[in-house]
Structures are given as structure tokens and as C-alpha cells.
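Residue numbers (the working numbering): 1353 to 1431.
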């Protein structure tokens, strides 16, 4: 995603140095600095088993750390 100027939060390989939005307050900066994993989540995954051909699906709720990060991001007003 960084190649289209949308790096992932806490991506150690492609994210590079943290770039804060121009008007980021300290709570947003702290939340972004302290997030220790890639900010990625799949609510649902579905695939076809390569041997049996069976369709397999998994669902997972949004983890609390991502919920907290999203809540912090929602309070940020870039204007």
C-alpha cells in the first residue's frame, strides 16, 4: 500500500517512518506510535480447500486494539 502513498499503520517492512497528519494532536500521535502490529483485519475469509474442494469460511470480530485505534482516528479532525 505504501507504493500508492497509503502505508499501513505499524508495518515494519513497508510502512517506513511514522508520518503524522499535520494537525495530529498528542493523543493521536501516541495511539499511532504505540500500535504494535499491522492495522489489518479480515472480518471474513472464504477459500476453497485445494484438495477436497470444500468451501471453508471463518469470521472474526474486530479486535479491541483496532477498535480503540479506530475510535481515536474518528475523533481526529484534519481540517
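For every residue, glycine included, the Cβ atom is placed at its ideal position computed from N, Cα and C.
1. With H, G and I counted as helix, E and B as strand and the rest as coil, what does DSSP make of residue 1414?
2. Between the alpha carbons of residue 1393 and residue 1405, how many angstroms are there, rounded?
3. In the DSSP output, what is residue 1397 paired with across the bridge?
4. Given this structure, state the Cα-to-Cα distance separating residue 1428 from residue 1372, to the nearest angstrom.
5. I'd like the span of the alpha helix (DSSP H) that includes residue 1386, first residue to last.
Here's the rundown:
1. Walking along the chain shown from the start, residue 1414 turns up at place 62. It is coil, neither helix nor strand.
2. In the chain shown, counting from the first residue as 1, residue 1393 sits at position 41. In the chain shown, counting from the first residue as 1, residue 1405 sits at position 53. About 25 Å.
3. For the purposes of this step, residue 1397 is taken as the residue at position 45 of the chain shown. 1410.
4. Start at 1 with the first residue of the chain shown, and residue 1428 comes out as number 76. Start at 1 with the first residue of the chain shown, and residue 1372 comes out as number 20. Those two C-alpha atoms are separated by around 11 Å.
5. Position 34 of the chain shown, counted from the first residue, corresponds to residue 1386. It spans 1378-1386 - the alpha helix (DSSP H) in which residue 1386 sits, taken as one unbroken run.
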